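Down below is the structure, laid out as structure tokens.
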Amino acid sequence: MEIQVLGPGCPQCDRLENDVMAALAELNLSADLRHVTDVKEIGRTGVMGMPALIINGRVVAVGVAPPKEKIKRWIEEISNQEEESWK
20 MEIQVLGPGC PQCDRLENDV MAALAELNLS ADLRHVTDVK EIGRTGVMGM PALIINGRVV
80 AVGVAPPKEK IKRWIEEISN QEEESWK
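Here it is in structure tokens:
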């Protein structure tokens with residue numbers, strides 16, 4: 020699983036990154052988590068609002084740091100969808 024937090028390093032962006040790490044730990048899952056702060060790299064994603072959260076290439080949040088429980092739900096849903104596609 021690949022997860023990207025997009026944002027310039029603002030408090031909301033940092034909180035989002037911490038909540039993603041906590042959600043992964045609670046779910047006992049591992050992921051390649053990157054906090055992308057480079058404006059040019061963020062621009063290439065096409066996402067305009069910060070912070071933003073991308074899970075396996077899917078933009079799931081823009082302009083808001085969602086609650087950790089919602090992040091956990093998204094991770095579980097996408098993880099389950101990925102597992103189903105391998106069957």
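For the record, in the sequence shown the residue sitting at position 24 is 43 according to my numbering, with numbers rising by one throughout.
Idealized CB from N, CA, C, for every residue including glycine.
Just so it is clear, the structure is predicted and the values come from calculations on it, not from any experiment.
On the DSSP letters alone, give me the boundaries of the beta strand (DSSP E) that residue i sits inside.
| i | result |
| --- | --- |
| V55 | D51 to V55 |
Rounded to whole angstroms, how far is the Cβ of residue i from the Cβ of residue j, which I believe are closer than 8 Å?
| i | j | result |
| --- | --- | --- |
| P70 | L35 | 5 Å |
| G68 | G82 | 3 Å |
Can you tell me whether residue i is buried or exposed, with buried defined as 16 or more other CB within 10 angstroms of its CB?
| i | result |
| --- | --- |
| Q23 | buried |
| L25 | buried |
| V15 | With the chain running from 20 to 106 in the structure shown, residue 15 is simply not present. |
| D51 | exposed |
| A80 | buried |
| A41 | exposed |
Between which residues of its own chain and residue i is the CB-CB distance below 6 Å, once the five residues before and five after are set aside?
| i | result |
| --- | --- |
| T56 | P27 and G28 |
| D38 | K87 and I90 |
| R53 | Q23 |
In the DSSP assignment, the alpha helix (DSSP H) including residue i goes from what residue to what residue?
| i | result |
| --- | --- |
| L43 | P30 to L46 |
Can you find the residues in the same chain that come closer than 7 Å, C-beta to C-beta, to residue i, ignoring five residues on each side of it along the sequence?
| i | result |
| --- | --- |
| V78 | V66 and A71 |
| W93 | I74 and V79 |
| L46 | K91, I94 and E95 |
Completely contained beta strand (DSSP E) runs for the region 59 to 85, where each covers 3 or more residues: 71 to 74 and 77 to 81
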